[in-house]
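Below is one structure, written out as structure tokens, with a few remarks after it.
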Amino acid sequence: RESCATFVPQEPVIEPGRNSSGGIIWIDREQGYGALRAIDVRTGERMWEFRYPQPTMAGVMTTVTGLVFAGDHDGNFMAFDATTGENLWHYQTGSRIWGAAPMTHMLDGRQYVLIPSGTTLVAFALPDDRP
């Protein structure tokens, strides 16, 4: 079943062996999965879904060119086709991607996509074919 973390306005209960962060109730990995979904805002219809093997708390970034960038707790950083949901690209960062969204910036005419992973900021760009 799909699972999530729930924010509740109460004192945290600390249990040995479980994650805790303020008033967040954590659902164990083994109890469910996470999902990235595209929903048609006009109809509410699910257009596509990509299932993560476990719940994730990483953000998502979309681009005007029809890409969706997302990461997961296993350190996978992925690019999807926004229309079809096809997984176009994947990179294993080596550390958990948690609590942050991918970001983009332009430097000297070149577009970069960045993702925080563990204690590292990982950056990607297309090859520079300018003469």
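Counting in the working numbering, the sequence shown runs from 34 upward without gaps.
No residue lacks a Cβ here, since even glycine has one placed at the ideal position from N, Cα and C.
Residues near residue i by beta carbon distance below 8 Å, same chain, minus five either side
| i | result |
| --- | --- |
| L147 | P135, M136, T137, H138, L154, V155, A156 and F157 |
| Y145 | T137, H138, M139, A156, F157 and A158 |
| D161 | R143 |
| P49 | none |
Cβ distance (whole Å) where residue i is taken to contact residue j below 8 Å
| i | j | result |
| --- | --- | --- |
| A133 | G77 | Actually they do not touch by this definition, with Cβ atoms about 28 Å apart. |
| A115 | W122 | The pair is not a contact, with the Cβ atoms about 13 Å apart (cut-off 8 Å). |
| G108 | S128 | 5 Å |
Cβ-based burial, residue i [other Cβ within 10 Å; buried from 16]
| i | result |
| --- | --- |
| V97 | exposed |
| P88 | buried |
| P149 | buried |
Option in the options with minimal Cα separation from residue i
| i | options | result |
| --- | --- | --- |
| R84 | D162, P160, G108 and G65 | G65 |
| L100 | G118, N109 and P86 | G118 |
| T126 | Y145, D105 and R75 | D105 |
| R70 | D141, F102 and P49 | F102 |
| G67 | M90, G50, R79 and D73 | M90 |
| L140 | N120, L159 and E82 | L159 |
| T152 | N109, E48, D161 and W131 | W131 |
| W81 | E48, D162 and N120 | N120 |
Closer than 9 Å to chain C by CB, residue i
| i | result |
| --- | --- |
| F102 | Included in the structure is just one protein chain, with no chain C present. |
Boundaries (first-last residue) of the beta strand (DSSP E) holding residue i
| i | result |
| --- | --- |
| H123 | N120 to Q125 |
| L147 | R143 to S150 |
| E82 | R79 to Y85 |
| H106 | Careful: H106 lies outside any beta strand (DSSP E) and carries neither H nor E. |
| I72 | G67 to I72 |
Sequence-distant residues of its chain with Cβ nearer than 6 Å to residue i (five each side left out)
| i | result |
| --- | --- |
| Y124 | F110 |
Cutoff 7 Å; reference residue i; Cβ partners in own chain excluding five residues on either side
| i | result |
| --- | --- |
| T95 | V101 and A115 |
| D73 | M80 |
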